[in-house]
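S.K.:
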Amino acid sequence: MGKQLAISAPSQLDALVKKAQRMGTGDSIRDSIVSDIYKTTHGICREVVQYEDQQKLANSYQLDRIFTSKIWGFPIMLAILGLIFWITIAGANVPSSMLADMFGVIEGYLTAGFLAVNAPDWLHGILVLGLFRGTSWVISVMLPPMAIFFPTFALLENFGYLPRVAFNMDRMFKRAGGHGKQALTMSMGFGCNAAAIISTRIIESPRERMLAILTNNFVPCNGRWPTLILLASLFMVVSSSGGIQTIVTASIVMGMVLIGIITTFTVSWVLSKTALRGVPTHYTLELPPYRRPQIWKTILLSSRDKSWSVLKRAVIVAAPAGVITWILGNIFVGGDSILTHMAAFFEPFGHLIGLDGFIIMAFILGLPANEIVLPILLMGYLSSGAMVELDGLDNVKEIFLQQGWTWLTALNMMLFSLLHYPCGTTLFNIYKETKSKKWTLLSALIPLAIAIAVTFTTAQLARYFGWV
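Here the working numbering is used: the first residue of the sequence shown is 24, the next is one more, and so on.
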């Protein structure tokens, strides 16, 4: 058998050389050579390697024919992503409400304690209504979705499916001038963009790593899910109810995710042809075998390593933001708070892009953490000096309607939330990874410009055709 192999290998190499001479330049030569080399090595392994579990190997090949199929690969991938969104949305509502109620009870005890010691109102406002309430908002909004989303993704990774996602996306990222591994960093961005920036270290090429860093923000992170889910359920599924409403909400959120993915490919292609020109590098991805995940171990480890670390960073950044928001809402100039003056200043620009001044102000103050955008917005609408609690969806929708909201306002806020600049933690990680003020600034300005352009176009088209 060794003699047979010695004879067949040169003939295979001769065939490769002749094929290379016949073909043009570029990717086709390399892909053909790699394909033929794989066929040759696979044939050798089939003759000389014995597998203990042939059935398991056959099952992996059968699953790969489905999961990496050119016909079924992408529909299955989108269906799995949609299922994860549905599980996250349906499962996070109850624990999030329970956490909010628990923090409300604690806040009541803290307020009673401040009253008992005759603490000044400004101290109670800063520490309880600003610091504690802002921090509790982040925890109650972020923790339940993360506790579902991160373990679910970790289970897919342990099962061996995420490498198949990279395999399916490789060709599309290559056409966009990026790298197939960008699919993995993009998937990480669904949980936390800040963590995804660090995960771009798996991309060896500096140019392609920069592409992944600059475009990672276009997939919604955990901090933006509440805004997307809330507005979709309030304004986009008014004719649905019960379980159907959850499915429709998940479908709308899925549509937003697809917009983000399309934006990722578009921006990657534009940057690869301009500021980050270069030839995409190749990598050979060896798909690991499918394996049964260790469910409880995976859930515990992902909760500890991902959910807790991301939540801790968000709390550290969001706590000072709650204090600043309270101060701005309680300093009055000419009879109105600074928050009101800020909203009035941004009102013309907000109207131009289908939003209003309070929404623009909320996004600016929400730079440290996207989770506090909604409470800041409600605080501004109610002219309150502290972040307010969400007393049910009907109450929140009534507040929005009183401020002149329409379906266009909700849609454009969802689009702006999806596409606008990264949060403060993500920008800090970008600077640490790139060591460049220029690229950090561009990572904020590029998404901001796209968000403004998209919302402006949407608003003008809706008004031109009389849809609002």
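No residue lacks a Cβ here, since even glycine has one placed at the ideal position from N, Cα and C.
What's the gap between the Cα of LEU154 and the Cα of PRO343?
M.R.: As a position in the sequence shown, residue 154 is number 131, starting the count at 1. As a position in the sequence shown, residue 343 is number 320, starting the count at 1. Answer to the nearest angstrom: the Cα atoms are 7 Å apart.
S.K.: Return the Cβ separation of GLY389 and VAL396 in integer angstroms, given the expectation that the two are a contact with Cβ distance under 8 Å.
M.R.: Taking the first residue of the sequence shown as position 1, residue 389 is located at position 366. Taking the first residue of the sequence shown as position 1, residue 396 is located at position 373. About 4 Å separates the two Cβ atoms, so the contact holds.
S.K.: Are the stretch 288-295 and the stretch 227-244 touching, with three or more C-beta to C-beta distances below 8 Å?
M.R.: With a cut-off of 8 Å, the stretch 227-244 and the stretch 288-295 count as touching, because enough Cβ pairs lie within range.
S.K.: May I have a chain-ordered list of the alpha helix (DSSP H) segments no shorter than 4 residues that lie completely inside the stretch 119-180?
M.R.: Here the runs fully enclosed are 144-147.
S.K.: Ignore the nearest five residues each way along the sequence and tell me which others in LEU500's own chain have a CB closer than 7 Å to its CB.
M.R.: Nothing can be reported for residue 500: it is not among the residues displayed for the chain, which extend from 24 to 491.
S.K.: DSSP on SER459, reduced to helix/strand/coil?
M.R.: Here residue 459 is taken as the residue at index 436 of the sequence shown, counted from 1. Of the three classes helix, strand and coil, the one that applies to SER459 here is coil, per DSSP.
S.K.: Could you give the distance in angstroms between the alpha-carbon of CYS215 and the alpha-carbon of THR363?
M.R.: Your numbering for residue 215 matches position 192 in the sequence shown. Your numbering for residue 363 matches position 340 in the sequence shown. Distance between the alpha carbons of CYS215 and THR363 is about 32 Å.
S.K.: In the DSSP assignment, the alpha helix (DSSP H) including ILE382 goes from what residue to what residue?
M.R.: For the purposes of this step, residue 382 is taken as residue 359 along the sequence shown, with counting starting at 1. Note, ILE382: alpha helix (DSSP H), 380-388.
S.K.: Among residues of its own chain, excluding the 5 on either side of ILE110, which ones have a beta-carbon nearer than 8 Å to its beta-carbon?
M.R.: In the sequence shown, residue 110 corresponds to position 87, counting from 1. Correct list, in chain order: ILE171 and THR175.
S.K.: Smallest Cα separation from ILE107: which of SER228, SER295 and MET169?
M.R.: As a working mapping, residue 107 is identified with position 84 in the sequence shown. Nearest option by C-alpha distance: MET169.
S.K.: Compute the beta-carbon to beta-carbon distance between CYS446 and GLY246, rounded to the nearest angstrom, for a pair I have assumed lies under 8 Å.
M.R.: The residue labelled residue 446 in the question sits at position 423 within the sequence shown. The residue labelled residue 246 in the question sits at position 223 within the sequence shown. That pair is a contact at about 6 Å.
S.K.: With DSSP collapsed to three states, give me the class of SER92.
M.R.: By 1-based counting over the sequence shown, the position of residue 92 is 69. Of the three classes helix, strand and coil, the one that applies to SER92 here is coil, per DSSP.
S.K.: Measuring alpha carbon to alpha carbon, tell me which residue in GLY203, TYR444 and GLU231 is nearest ALA298.
M.R.: Reading the sequence shown from its first residue, position 275 is the one you call residue 298. Ranking GLY203, TYR444 and GLU231 by Cα distance to ALA298 puts GLU231 first.
S.K.: Pull the bridge partners of PHE213 from the DSSP assignment, please.
M.R.: Within the sequence shown, the letter at position 190 stands for residue 213. BP columns for PHE213 are empty, so no partner.
S.K.: Please list, in chain order, all residues of the same chain as ILE361 whose beta carbon is under 6 Å from its beta carbon, the five residues on each side excluded.
M.R.: Taking the first residue of the sequence shown as 1, we reach residue 361 at position 338. For ILE361, where only same-chain residues beyond five positions count, the Cβ hits under 6 Å are LEU351 and ILE354.
S.K.: Check VAL271 in the structure and name its three-state DSSP category.
M.R.: Locating residue 271 in the sequence shown gives position 248, where the first residue counts as 1. DSSP places VAL271 in helix when its eight states are reduced to three.
S.K.: May I have the straight-line CA-CA distance separating PHE213 from THR269, to the nearest angstrom?
M.R.: Within the sequence shown, the letter at position 190 stands for residue 213. Within the sequence shown, the letter at position 246 stands for residue 269. Using only the alpha carbons, I get a separation of about 19 Å.
S.K.: Grouping DSSP H, G and I as helix and E and B as strand, with all else coil, what is VAL72?
M.R.: Indexing the sequence shown from 1 puts residue 72 at position 49. VAL72: coil per DSSP, three-state reduction.
S.K.: Give the straight-line distance between the Cα atoms of LYS335 and ASN116, rounded to the nearest whole angstrom.
M.R.: By one-based count along the sequence shown, residue 335 stands at place 312. By one-based count along the sequence shown, residue 116 stands at place 93. Going by the C-alpha atoms only, they are around 21 Å apart.
S.K.: For a test of the three-state rule: what should DSSP assign to PHE182, helix, strand or coil?
M.R.: Taking the first residue of the sequence shown as position 1, residue 182 is located at position 159. Note: PHE182 maps to helix in three-state DSSP.
S.K.: So, at 7 Å on beta carbons, what are the nonlocal neighbours of GLY47 in its own chain, with the 5 sequence-adjacent residues on each side left out?
M.R.: The sequence position of residue 47 within the sequence shown is 24, counting from 1. Low local confidence applies: a pLDDT of 49 at GLY47 is under 50, so the model's placement there is unreliable, and no value is given.
S.K.: Look at the alpha carbon of ILE129 and the alpha carbon of LEU281, and state the distance between them as a whole number of angstroms.
M.R.: The residue given as residue 129 occupies position 106 in the sequence shown. The residue given as residue 281 occupies position 258 in the sequence shown. ILE129 and LEU281: Cα-Cα distance of roughly 40 Å.
S.K.: Flag this pair as yes or no: are the beta carbons of PRO470 and TYR454 separated by less than 8 Å?
M.R.: Taking the sequence shown and counting its residues from 1, one reaches residue 470 at position 447. Taking the sequence shown and counting its residues from 1, one reaches residue 454 at position 431. No, Cβ-Cβ distance for PRO470 and TYR454 is not below 8 Å.
S.K.: How close, in whole Å, do the beta carbons of ILE221 and ASN452 come, if the pair is a contact with beta carbons under 8 Å?
M.R.: Translated into positions along the sequence shown, residue 221 becomes position 198. Translated into positions along the sequence shown, residue 452 becomes position 429. Right, their Cβ atoms sit about 6 Å apart.
S.K.: With a CB to CB cut of under 6 Å and the five nearest residues on each side skipped, what residues in its chain are close to ILE275?
M.R.: In the sequence shown, residue 275 corresponds to position 252, counting from 1. So the list reads ALA255 and MET259, once near-sequence residues are dropped.
S.K.: Between which residues of its own chain and LEU146 is the CB-CB distance below 8 Å, once the five residues before and five after are set aside?
M.R.: Translated into the one-based positions of the sequence shown, residue 146 becomes position 123. Counting only Cβ-Cβ distances below 8 Å, and skipping sequence neighbours, we find PHE137.
S.K.: How close, in whole Å, do the beta carbons of THR432 and GLY345 come, if the pair is a contact with beta carbons under 8 Å?
M.R.: Counting from one through the sequence shown, the residue named residue 432 turns up at place 409. Counting from one through the sequence shown, the residue named residue 345 turns up at place 322. Contact doesn't hold; Cβ gap of about 25 Å is too wide.
S.K.: Among residues of its own chain, excluding the 5 on either side of PHE201, which ones have a beta-carbon nearer than 6 Å to its beta-carbon?
M.R.: Within the sequence shown, residue 201 is the residue found at index 178, counting from 1. The identity of residue 201 in the sequence shown is Gly, whereas the question assumes Phe. Once the five neighbours on either side are set aside, the close Cβ partners of GLY201 are GLU231, LEU234 and SER291.
S.K.: Using only the alpha-carbon positions, how far apart do GLY357 and PHE381 sit?
M.R.: Here residue 357 refers to the residue found at position 334 when the sequence shown is read from its first residue. Here residue 381 refers to the residue found at position 358 when the sequence shown is read from its first residue. GLY357 and PHE381: Cα-Cα distance of roughly 18 Å.
S.K.: What is the residue span of the alpha helix (DSSP H) that VAL242 lies within?
M.R.: Start at 1 with the first residue of the sequence shown, and residue 242 comes out as number 219. Looking at the DSSP string, VAL242 is not in any alpha helix (DSSP H), and its letter there is neither H nor E.
S.K.: By the three-class DSSP mapping on this structure, what secondary structure does VAL396 have?
M.R.: As a working mapping, residue 396 is identified with position 373 in the sequence shown. Three-state result, VAL396: helix.
S.K.: Contact defined as beta carbons within less than 8 Å: I believe VAL242 pairs with GLY283. What is the distance between those atoms, to the nearest angstrom?
M.R.: The count along the sequence shown starts at 1 and reaches residue 242 at position 219. The count along the sequence shown starts at 1 and reaches residue 283 at position 260. Yes, VAL242 and GLY283 are in contact; Cβ-Cβ is about 5 Å, under 8 Å.
S.K.: Report yes if the C-beta distance between ILE112 and ILE252 is below 8 Å; otherwise report no.
M.R.: Along the sequence shown, one-based indexing puts residue 112 at 89. Along the sequence shown, one-based indexing puts residue 252 at 229. Result yes, Cβ atoms of ILE112 and ILE252 sit closer than 8 Å.
S.K.: Taking 7 Å as the limit between beta carbons, can you name the residues of its chain near VAL164, skipping five residues before and five after?
M.R.: Residue mapping note: residue 164 aligns to position 141 of the sequence shown, counting from 1. Contacts found: SER119, PRO249 and GLU394.
S.K.: Please state whether the Cβ-Cβ distance between LEU442 and THR272 is less than 8 Å.
M.R.: Residue mapping note: residue 442 aligns to position 419 of the sequence shown, counting from 1. Residue mapping note: residue 272 aligns to position 249 of the sequence shown, counting from 1. Cβ atoms of LEU442 and THR272: not closer than 8 Å.
S.K.: By the DSSP assignment, the alpha helix (DSSP H) with GLU370 in it spans what residues?
M.R.: Here residue 370 is taken as the residue at index 347 of the sequence shown, counted from 1. Note, GLU370: alpha helix (DSSP H), 361-375.
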